[in-house]
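Inspection log for the structure reproduced underneath, given as structure tokens.
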Amino acid sequence: MLQSMTGFGNATSQSEAAYVAVELKSVNNRYLKVSMRMPDFLARFESDLEQLVRDQIARGTVNLSVRCRLNTQSSGYSIDAAVLQRYLEQSSRIAVETDSAVPALAELLPLPGVITEQEVTPDLLASVWPVIKETVQEALDQFDQFRQQEGRSMQADLDGQCTAIETQVNEVARHAPDVVADYREKMLDRIRRILTDTESDVSENDLIREVAIFADKCDINEEITRLRSHIDQFRQFLANEKSMGRKLEFLGQEMFREINTIGSKANNVTIAHSVVEMKGAIERIREILQNVE
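The sequence shown begins at 139 in the numbering used here and counts up one residue at a time.
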């Protein structure tokens, strides 16, 4: 099943130790790039969280945000009285010198070093980690549901483009014999006129043989066969349980190559029209695959 590279998921959890909120979102990228934002005291879990993401996501730019508020019983803040006293003394002296009001204590509290967060103990971190892991996994699961829903829509669109190409391939195949025959007749007529004008003694059999060799060069049956094979394989990848964006991209390139060759070899108005239609379908396939994992 196809999965979109664009997704969103979030989850929250509350335990005795902490409240955890996770948000996960991604945009398309040819490779996997994971960026995370979390409190400093959770930095030790960064590699574990990244691995959780990599186990479930193959491509895209993923942004993971983890907010964690420890319960007051588990952790808190303290006021450094000595630092606060120094701020108060300096501000009082400046107030006297400038004949201004002395700042209130509440105005001094936000200054650097006055309030410090108490150190988070290893035991507390150990108790918080299962909650964080579970919440991140819940967000990942919701994220996947979002991507799969988008993937189903893209899969239907891609299958429709394959059908459009198939329709045009059948039209090309119907006119393929005419391409060689028309080319052969045009070449024979042209060469006969040249030989008549130059009074050459080349035999008719030699002429037909040489023209046949050149006419085979505009035979597009091999390209038609390969193009049909690519379409069949493309559909097999679409139906695969895993999202196979890179392989689908490769097949899209191969289909475009065969269509280009058909267009360059077949000097036929009807086939040229079909080639234009098929190139339009391939362009749409490319646009969709830019967002497929």
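Built from N, CA and C at the ideal position, the CB exists for glycine as well.
In this text the structure is predicted, and so the values were computed from the model without any measurement.
Original post:
Given that a residue counts as buried once 16 or more other Cβ atoms are within 10 Å of its Cβ, and exposed if not, what is Q299?
Top reply: buried
**OP:** Tell me, to the nearest whole angstrom, how far the beta carbon of L278 is from that of L162; I am working on the premise that it is less than 8 Å.
**Re:** 6 Å
Subject >> DSSP-derived helix/strand/coil call for K355 >> reply: coil
**OP:** Could you please give the first and the last residue of the uninterrupted beta strand (DSSP E) stretch that includes R175?
**Re:** 170 to 175
**OP:** Check whether the Cβ of T236 sits closer than 7 Å to any heavy atom of the ligand GDP, and report yes or no.
**Re:** You won't find the ligand GDP in this model; it holds no ligand whatsoever.
Original post:
What does K163 pair with, by DSSP beta-bridge criteria?
Top reply: F146, N201
Subject >> The alpha helix (DSSP H) enclosing D218, as first and last residue numbers >> reply: Counting along the chain, D218 falls outside any alpha helix (DSSP H), and DSSP gives it neither H nor E.
Subject >> Meets three-Cβ-pair contact criterion under 8 Å: the stretch 141 to 161 and the stretch 391 to 401 >> reply: no
**OP:** Report the partner residues of Y157 according to the DSSP bridge assignment.
**Re:** Q152, R207
**OP:** Buried or exposed for V234, please, with buried defined as at least 16 other CB atoms from any protein chain shown within 10 angstroms of its CB.
**Re:** exposed
Original post:
Sorted by chain position, which residues of the same chain lie with C-beta nearer than 6 Å to S229's C-beta, five sequence neighbours on each side aside?
Top reply: P241
Original post:
Under the rule that 16 or more other beta-carbon atoms within 10 Å means buried, what is E361, buried or exposed?
Top reply: buried
**OP:** Within the same chain, show all residues whose beta-carbon is closer than 8 Å to that of G390, passing over the 5 residues directly before and after it, in chain order.
**Re:** F372, I420, I423, R424, L427
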